[in-house]
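In what follows, a single structure is set out as structure tokens and then discussed.
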Amino acid sequence: MSDYGDDDHFGGYEETFDADNYDYVDQDNLLQDAPREGETDAHAPNGQDPVNPHTEVIASAGGDVAATATVSGRKAGKAVPKEKRTTTPYMTKYEKARLLGTRALQISMNAPVLVDLEGETDPLQIAMKELSQKKIPLLVRRYLPDGSYEDWACSELIVE
Numbered sequence: 383m384s385d386y387g388d389d390d391h392f393g394g395y396e397e398t399f400d401a402d403n404y405d406y407v408d409q410d411n412l413l414q415d416a417p418r419e420g421e422t423d424a425h426a427p428n429g430q431d432p433v434n435p436h437t438e439v440i441a442s443a444g445g446d447v448a449a450t451a452t453v454s455g456r457k458a459g460k461a462v463p464k465e466k467r468t469t470t471p472y473m474t475k476y477e478k479a480r481l482l483g484t485r486a487l488q489i490s491m492n493a494p495v496l497v498d499l500e501g502e503t504d505p506l507q508i509a510m511k512e513l514s515q516k517k518i519p520l521l522v523r524r525y526l527p528d529g530s531y532e533d534w535a536c537s538e539l540i541v542e
């Protein structure tokens with residue numbers, strides 16, 4: 383559509399591409415710059431594979447975990463003992479939603495139910511009943527800014 387009304391040439395359809403303007407990729411030299419087997423690429427960030435960039439593991443701690451790992455003296459990816467936990471014992475609504483969804487999926491795929499059923503057939507309702515009785519067999523892993531993490535059992539968390 384044009385403000386000048388000259389868009390009706392070609393019967394309302396205008397071809398917007400030219401077949402002559404394509405850049406063709408030479409398939410023979412496609413992997414010429416990739417490192418050979420057994421070699422490493424010094425320009426790859428964090429040792430990431432340049433051919434398959436999806437091989438890098440991303441931590442959910444946010445930011446560069448390796449750079450912040452020495453801030454408090456803990457090693458990155460290290461579990462915090464139960465006696466030295468610093469996070470709150472209250473279950474967040476996000477953790478609750480994740481736990482209920484995961485457990486409901488397990489129940490729907492015929493995982494054993496850990497509470498007595500009183501006519502419930504909905505997996506989400508069964509998961510909610512398990513949570514209220516603190517019988518969900520899952521752990522909540524809370525990552526800390528230094529890269530370490532705390533594992534909380536569902537029976538240890540306070541649900542409101």
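According to the numbering used here, the sequence shown is numbered sequentially starting from 383. Idealized CB from N, CA, C, for every residue including glycine.
Going by DSSP, what residues sit across from R524 in a beta bridge? DSSP output for R524 lists E532 as bridge partner(s).
Identify, in the order they occur along the chain, each residue of the same chain with its Cβ nearer than 7 Å to the Cβ of R485, setting aside the five sequence neighbours on each side. Around R485: A509, E512, I518, L520.
From M491 to V522, what does the alpha carbon distance come to, in whole angstroms? Those two C-alpha atoms are separated by around 21 Å.
Can you give me the C-alpha to C-alpha distance between T594 and V495, rounded to a whole angstrom? As displayed, the chain neither begins before 383 nor continues past 542, which places residue 594 out of reach and without an answer.
Can you list, in chain order, the residues of its chain with a C-beta nearer than 7 Å to that of A535? Leave out the 5 residues immediately preceding and following it. Within the same chain, L521 come within 7 Å of A535 by CB-CB distance, once the 5 residues on both sides are set aside.
Please classify D528 as buried or exposed, where buried requires at least 16 other C-beta atoms within 10 Å of its C-beta. With 16 or more neighbouring CB atoms inside 10 Å of its own CB, D528 falls in the buried class.
Closest to K466 by C-alpha separation, out of S537, L526, E542, would be which residue? Checking every option, the nearest Cα to that of K466 belongs to L526.
May I ask you to report which of helix, strand or coil DSSP gives A449? Residue confidence is low: A449 scores 42 on pLDDT, short of 50, so the model does not pin down where it sits. No coordinate-derived value is stated.
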